[in-house]
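In this text, residue positions in the sequence shown follow UniProt numbering: the first is 1, and each later residue adds one.
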Amino acid sequence: MGRQARKRKHCKTNGGKTTLRQVYFRRDIDQVHDDLAKGIPPPRTNPDDERQYCCIECSRFFVDERSLTQHQRTKDHKRRLKELLEKPYTAEDALMGAGKGLPRAGYDEPAPSTDKEMSGN
């Protein structure tokens with residue numbers, strides 16, 4: 001009896017997780033805000049897909065209107081609507097959070113210089 005050979009498997013297989021990630025891909029809140037402002041549906045991942053009904057808020061497509069209305073009654077959809085009511089973050093908000101935004105009154109303004117201070121008297 002010989003030793004059993006080692007089974008060789010394909011390395012780095014993930015079981016189709018990348019395709020599932022594309023199917024259940026959700027757009028960020030700021031991207032959805034832009035879509036709502038423009039009034040256009042989100043881009044499709046697969047143009048040959050037969051799903052025609054779109055929930056713009058969740059950036060999901062559905063096969064028929066019945067499944068769309070069922071989705072609109074779900075907790076996930078209602079949470080997404082609540083998130084969309086908040087104002088989206090902007091670059092100015094990020095700068096203010098980092099302390100580089102608008103000047104604070106009395107702190108970030110340069111002190112006025114006088115001639116007396118310069119002369120040393």
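Glycine included, every Cβ here is placed at the ideal spot set by N, Cα and C.
Just so it is clear, the structure is predicted and the values come from calculations on it, not from any experiment.
Identify, in the order they occur along the chain, each residue of the same chain with its Cβ nearer than 6 Å to the Cβ of residue i, setting aside the five sequence neighbours on each side.
| i | result |
| --- | --- |
| Glu65 | Tyr53 |
| Pro41 | Cys54, Ile56 |
| Lys75 | none |
| Leu68 | Tyr53, Phe62 |
Around the C-beta of residue i, are 16 or more other C-beta atoms found within 10 angstroms, so that it is buried, or is it exposed?
| i | result |
| --- | --- |
| Val63 | exposed |
| Glu57 | buried |
| Pro43 | exposed |
Mind checking whether the beta-carbon of residue i lies closer than 6 Å to any heavy atom of the ligand SAH?
| i | result |
| --- | --- |
| Pro43 | Within the structure as shown, the ligand SAH is missing, as the structure has no ligands at all. |
Between residue i and the rest of its own chain, which residues show a CB-CB distance below 7 Å, the 5 nearest in sequence each way excluded?
| i | result |
| --- | --- |
| Arg51 | Phe61, Phe62, Val63 |
| Leu85 | none |
Does the Cβ-Cβ distance between residue i and residue j come in under 7 Å?
| i | j | result |
| --- | --- | --- |
| Glu92 | Ile29 | no |
| Ser59 | Arg80 | no |
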